[in-house]
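Enquirer: Count the sequence shown with the UniProt record's numbering and you get residues 1 to 310, in order.
Before anything else, here's the structure in question.
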Amino acid sequence: MSEIVIPVLLGPTATGKTALLAKLAERYNLEVLSCDSRQIYQGMPVGTAQPDRQTLEQIPHHLVGFLSPALSYSAGQFRKACNELIPEILKRGRIPVISGGTGFYYRALTTEMIELVDDEALRASVHAMSHDERLALLEAKDPLSLSEAGAVPAAGRVHRNDVYRVERSLYILLLTDRPLRSFYESGFKKRGDLSFAGVWLDLEAEAWKQKVRERALQMLEDGLVDEAVAVQREFGDCPGLRTPGYAEALQFAAGDLSRKDLEEPLIRSHLQYGRRQRVWFRREAELLPALGRDEALQNLEKLMAAGIRS
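Spelled out as structure tokens, the structure:
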């Protein structure tokens, strides 16, 4: 049977994925498929840490800066886009690399998707509810779908304040009469047409925290506040602004925080986001080996030197 193996470089925010890709691109013709639920948004390059112009000139990137901040982008949409892009990249004689930190996107890409028959009327009805109405109905029908306050949600469970996932969980529950978590508990079957191999890039905890701090402060220097204000002015309270750091930037713009008082909440927001990524991966540790930078580079170089088999 023919086999195609796609290289993967995942990791939490601020672990040096872009720098490692640049190193690999010195030897191999890469195209990156960004596995990042924040970098998808247009007009938000600073706060979502999108690759800079020099990086984009060196390595073509896909699924970066293409979506209006007013819209959401599901794991299913990500999978569909990758399914279309991977063959195109291979036809060009280049190596598609999956890189980012959004675990549920990667899970959707590498396993067989849950097949649901969409009900547009039901979807519209759920969408028309307020968040509080959706939350109350989900809690009444399946309280176990909601995680405890302050806890990292287990697979198939959601935070109470996660507007998008509360809506999605309620829709699936009403559509199938099964809670979302039941699909996770029954297990995921790996897809048969593509294989994925690579690494989860991670740093020692204190070194990583310092990198996050430096990145968050650099975002302020690079215009995060102006970017946040511009997005809010055009799109209001939109999905894009749920990205870590934007709420704090808007508080500063409104005069609710001084510059000095802005820095620590901004850093904390990014640290919390990164910790959630790390916790998710530890829970899904069978997906990829967790390695430091040098080991990760060696692993990916060996994979690429072996070539994509087809």
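Using N, Cα and C, we set each Cβ at its ideal position, and we do this for glycine too.
Give me the Cβ distance between arginine 191 and threonine 110, rounded to the nearest whole Å; I'm assuming they're in contact under 8 Å.
Expert: Indeed they touch by this definition, with Cβ atoms about 6 Å apart.
Enquirer: For asparagine 299 and alanine 14, what's the separation of their Cα atoms in angstroms?
Expert: If I take the Cα positions, the gap works out to 20 Å.
Enquirer: Do you know how far the Cα of glutamate 88 is from the Cα of serine 147?
Expert: For serine 147 and glutamate 88, the distance between alpha carbons rounds to 40 Å.
Enquirer: Quick one: what does DSSP say phenylalanine 252 is sitting in, helix, strand or coil?
Expert: Note: phenylalanine 252 maps to helix in three-state DSSP.
Enquirer: In whole angstroms, what separates the C-alpha of leucine 241 from that of serine 182?
Expert: The alpha-carbon atoms of leucine 241 and serine 182 are separated by roughly 30 Å.
Enquirer: Could you check whether glycine 245 and leucine 224 sit closer than 8 Å to each other, using their CB atoms as the reference points?
Expert: Closer than 8 Å, so yes.
Enquirer: Locate the beta strand (DSSP E) running through isoleucine 59, then write down its first and last residues.
Expert: Counting along the chain, isoleucine 59 falls outside any beta strand (DSSP E), and DSSP gives it neither H nor E.
Enquirer: List in chain order: all unbroken alpha helix (DSSP H) runs of 4+ residues lying wholly within the region 203–253.
Expert: 205–221, 224–235 and 246–253, all fully within the region 203–253.
Enquirer: Would you kindly work out how many angstroms separate the C-alpha atoms of leucine 170 and glycine 100, rounded to a whole number?
Expert: Near 28 Å, if we compare the C-alpha coordinates of glycine 100 and leucine 170.
Enquirer: Indicate, with yes or no, if the ligand NAD has a heavy atom lying under 7 Å from the CB of leucine 85.
Expert: Of the ligands one can find in the structure shown there are none, so the ligand NAD has no counterpart to examine.
Enquirer: Rounded to a whole number of angstroms, what is the C-alpha to C-alpha distance between proline 60 and aspartate 162?
Expert: Proline 60 and aspartate 162: Cα-Cα distance of roughly 32 Å.
Enquirer: Taking 8 Å as the threshold, find out whether the region 221–240 comes into contact with the region 190–209 through three or more Cβ pairs.
Expert: The answer is no - the region 190–209 does not touch the region 221–240, with fewer than three Cβ pairs under 8 Å.
Enquirer: Mapping the DSSP letters down to three states, classify isoleucine 86 as helix, strand or coil.
Expert: Correct three-state label for isoleucine 86: helix.
Enquirer: Taking leucine 30 as part of the beta strand (DSSP E), name the residues at either end of that continuous run.
Expert: First-last of the beta strand (DSSP E) with leucine 30: 30–35.
Enquirer: Kindly confirm or deny that the region 68–81 and the region 269–281 touch, where touching means at least three C-beta pairs closer than 8 Å.
Expert: The region 68–81 is not in contact with the region 269–281.
Enquirer: I need the straight-line Cα distance from arginine 259 to leucine 250, nearest angstrom please.
Expert: Rounded to whole angstroms, arginine 259 to leucine 250 spans 12 Å at the Cα level.
Enquirer: Just to confirm, is the Cβ distance from tyrosine 41 to phenylalanine 78 under 8 Å?
Expert: No. Outside cutoff.
Enquirer: Between glycine 103 and threonine 243, which are expected to be in contact by the criterion C-beta below 8 Å, what is the C-beta distance as a whole number of angstroms?
Expert: No, glycine 103 and threonine 243 are not in contact; Cβ-Cβ is about 16 Å, not under 8 Å.
Enquirer: Less than 8 Å between the C-beta atoms of serine 34 and valine 8, yes or no?
Expert: Not closer than 8 Å, so no.
Enquirer: Quick check on alanine 121: buried or exposed, where buried means 16 or more other Cβ atoms within 10 Å of its Cβ?
Expert: Under this definition alanine 121 is an exposed residue.
Enquirer: Measure the alpha-carbon distance for valine 126 versus arginine 134 and round it to whole angstroms.
Expert: Spanning the two alpha carbons is a distance of roughly 7 Å.
Enquirer: May I ask which residues mark the beginning and end of the beta strand (DSSP E) holding glycine 198?
Expert: Segment 195–201, the beta strand (DSSP E) holding glycine 198.
Enquirer: Applying the 10 Å Cβ sphere with the 16-neighbour rule, what's the burial state of arginine 27?
Expert: Its Cβ having fewer than 16 others within 10 Å, arginine 27 is exposed.
Enquirer: Specify the secondary structure class of threonine 12 as computed by DSSP and reduced to three states.
Expert: First, the residue type needs correcting, since residue 12 is proline and not threonine in the sequence shown. In the structure shown, proline 12 sits in coil (DSSP, three-state: anything other than H, G, I, E or B).
Enquirer: Restricting to runs no shorter than 4 residues, where is the alpha helix (DSSP H) found entirely within the region 93–142?
Expert: Whole alpha helix (DSSP H) segments, 4+ residues: 103–110, 120–128 and 131–141.
Enquirer: Return the Cβ separation of asparagine 271 and valine 231 in integer angstroms, given the expectation that the two are a contact with Cβ distance under 8 Å.
Expert: For clarity, residue 271 is leucine in the given sequence; the question names asparagine instead. About 23 Å separates the two Cβ atoms, so there is no contact after all.
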